[in-house]
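Residue numbers (the numbering used here), protein chains in the order written: chain A, 107 to 222; chain B, 23 to 136. Note that the Cβ used here is the ideal one computed from N, Cα and C, for glycine as well. Model, not experiment: these values are computed from the prediction.
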Amino acid sequence: EPEVTQTPSHQVTQMGQEVILRCVPISNHLYFYWYRQILGQKVEFLVSFYNNEISEKSEIFDDQFSVERPDGSNFTLKIRSTKLEDSAMYFCASRTAGTGVDSPLHFGNGTRLTVT
Amino acid sequence: AQSVTQLDSQVPVFEEAPVELRCNYSSSVSVYLFWYVQYPNQGLQLLLKYLSGSTLVKGINGFEAEFNKSQTSFHLRKPSVHISDTAEYFCAVSPRTNAGKSTFGDGTTLTVKP
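Right, here's the structure in full:
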């Protein structure tokens with residue numbers, strides 16, 4: 107069964123550094139998402155991406171964050187200047203259709219980001 | 023806006039016993055409802071979803087959930103649990119007009135003891 111793959115599984119970075127989290131969504135999917143889960147807290151929506159542009163973003167997704175689909179297969183989340191509070195598990199997800207839920211979200215295994 | 027409340031943060035249960043994980047939600051719009059499972063160091067796997075129709079939904083691994091519109095609940099049940107069911111379980115809702123944007127509950131840790 108096709109999977110959403112995320113790399114790396116664990117990233118350690120120093121405060122103030124830029125970090126790029128990478129995701130390869132399922133190949134025929136059209137909608138892409140990033141979610142975040144701070145340790146011990148709930149999973150939170152960050153951003154959705156469709157047709158090469160952000161379709162929606164949460165309050166969390168401030169100017170420090172950006173997303174990109176650079177080559178038609180990868181989907182990246184960049185944090186320009188990391189803060190301690192950015193430490194979390196970041197999940198990439200994708201789905202095929204629009205409003206129909208015949209295509210639910212498919213999540214990757216996540217990247218654990220640790221900011222020191 | 024939507025919100026999800028999972029009423030139990032931890033549920034310990036013995037193997038082969040039945041279990042119910044409770045979820046209530048609130049929303050000003052029509053929603054879809056989901057249960058996900060997260061095993062240690064893994065991603066979120068969809069257990070089951072409620073879209074419309076029959077209020078009793080069957081999912082993978084022998085789990086089922088019942089949608090109760092009047093009580094705005096979507097409780098997850100399994101008649102007989104296994105050690106391998108030990109995991110974190112998340113209830114989630116998404117607006118029907120924006121199905122990819124899910125709001126999650128805090129999660130319930132199910133621990134199955136031998």
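Host beta strand (DSSP E) of residue i (start-end)
i	result
Met195 (chain A)	194-201
Ser116 (chain B)	109-117
Lys184 (chain A)	181-185
Arg128 (chain A)	125-130
Lys148 (chain A)	Neither: Lys148 (chain A) is in no beta strand (DSSP E) and is coded neither H nor E.
Lys135 (chain B)	130-135
Glu42 (chain B)	41-43
Pro108 (chain A)	Taken as a continuous stretch (DSSP letters only), Pro108 (chain A) belongs to no beta strand (DSSP E), as it is neither H nor E.
Lys120 (chain A)	Just to set this straight, residue 120 (chain A) is Gln in the shown sequence, not Lys. Here Gln120 (chain A) belongs to no beta strand (DSSP E), and DSSP marks it neither H nor E.
Closest Cα partner of residue i within the set the options
i	options	result
Gly65 (chain B)	A:Gln170, A:Ser200, A:Ile160	A:Ser200
Val149 (chain A)	A:Thr188, A:Asn134, A:Ile166, A:Glu162	A:Ile166
Leu68 (chain B)	A:Pro210, A:Leu183, A:Gln112	A:Pro210
Ser25 (chain B)	B:Ser49, B:Pro101, B:Lys100	B:Ser49
Arg128 (chain A)	A:Asn134, A:Pro108, A:Tyr139	A:Tyr139
Leu190 (chain A)	A:Glu124, A:Lys163, A:Pro176	A:Glu124
Val153 (chain A)	A:Leu145, A:Tyr141, A:Gln147, A:Gly146	A:Tyr141
Asp30 (chain B)	B:Phe56, B:Thr119, B:Asn83, B:Asn46	B:Asn46
Thr119 (chain B)	B:Asn83, B:Leu73, B:Leu132	B:Leu73
Asn134 (chain A)	A:Thr113, A:Ser179, A:Ile144	A:Ser179
Asp169 (chain A)	A:Lys184, A:Asp177, A:Glu107, A:Asn158	A:Lys184
Pro101 (chain B)	B:Ser124, B:Ala39, B:Gly122	B:Ala39
Phe89 (chain B)	B:Ser106, B:Arg44, B:Asn63	B:Arg44
Thr202 (chain A)	A:Glu109, A:Leu136, A:Met195, A:Gln147	A:Leu136
Pro131 (chain A)	A:Val118, A:Glu109, A:Ser164	A:Glu109
Leu219 (chain A)	A:Glu107, A:Ile126, A:Thr111	A:Ile126
Three-way DSSP call (helix, strand, coil) for residue i in this model
i	result
Glu88 (chain B)	strand
Glu191 (chain A)	helix
Asn63 (chain B)	coil
Asn83 (chain B)	helix
Ser50 (chain B)	coil
Ser95 (chain B)	strand
Ser209 (chain A)	coil
Ser161 (chain A)	strand
Ser115 (chain A)	coil
Ser25 (chain B)	strand
Ser172 (chain A)	strand
Ser124 (chain B)	coil
Ser106 (chain B)	helix
Phe167 (chain A)	coil
Ser154 (chain A)	strand
Cβ distance (whole Å) where residue i is taken to contact residue j below 8 Å
i	j	result
Leu98 (chain B)	Phe112 (chain B)	Wrong, their Cβ atoms sit about 10 Å apart, outside the cutoff.
Thr182 (chain A)	Gln120 (chain A)	Going by Cβ atoms, the distance from Thr182 (chain A) to Gln120 (chain A) rounds to 20 Å, so no, they are not a contact pair.
Val103 (chain B)	Val41 (chain B)	5 Å
Phe126 (chain B)	Ala109 (chain B)	In fact, because the Cβ distance is near 15 Å, the residues do not count as touching under 8 Å.
Arg175 (chain A)	Phe155 (chain A)	7 Å
Thr94 (chain B)	Gln32 (chain B)	No, Thr94 (chain B) and Gln32 (chain B) are not in contact; Cβ-Cβ is about 23 Å, not under 8 Å.
Ala121 (chain B)	Tyr61 (chain B)	With a Cβ gap of about 24 Å, Ala121 (chain B) and Tyr61 (chain B) do not count as contacting.
Ser115 (chain A)	Thr188 (chain A)	Wrong, their Cβ atoms sit about 18 Å apart, outside the cutoff.
Proximity test, residue i beta-carbon vs the ligand MN heavy atom, cut-off 7 Å
i	result
Asp107 (chain B)	As far as ligands go, the structure on display features none, and thus does not contain the ligand MN.
message: At a CB distance below 7 Å, what residues from the stretch 145-176 of chain A approach chain B? Give them in sequence order.
response: For the stretch 145-176 of chain A, which is checked against every Cβ of chain B, the residues closer than 7 Å are Lys148, Val149, Phe151, Ser154, Glu162.
message: Tell me which residues of the stretch 66-86 of chain B have at least one Cβ-Cβ distance to chain A shorter than 9 Å, keeping chain order.
response: Those would be Leu66, Gln67, Leu68, Lys71, Leu73, in chain order.
task: Could you please tell me which residues of the stretch 178-199 of chain A, in chain order, have their CB closer than 7 Å to any CB of chain B?
output: Hits within the stretch, in order: Phe197.
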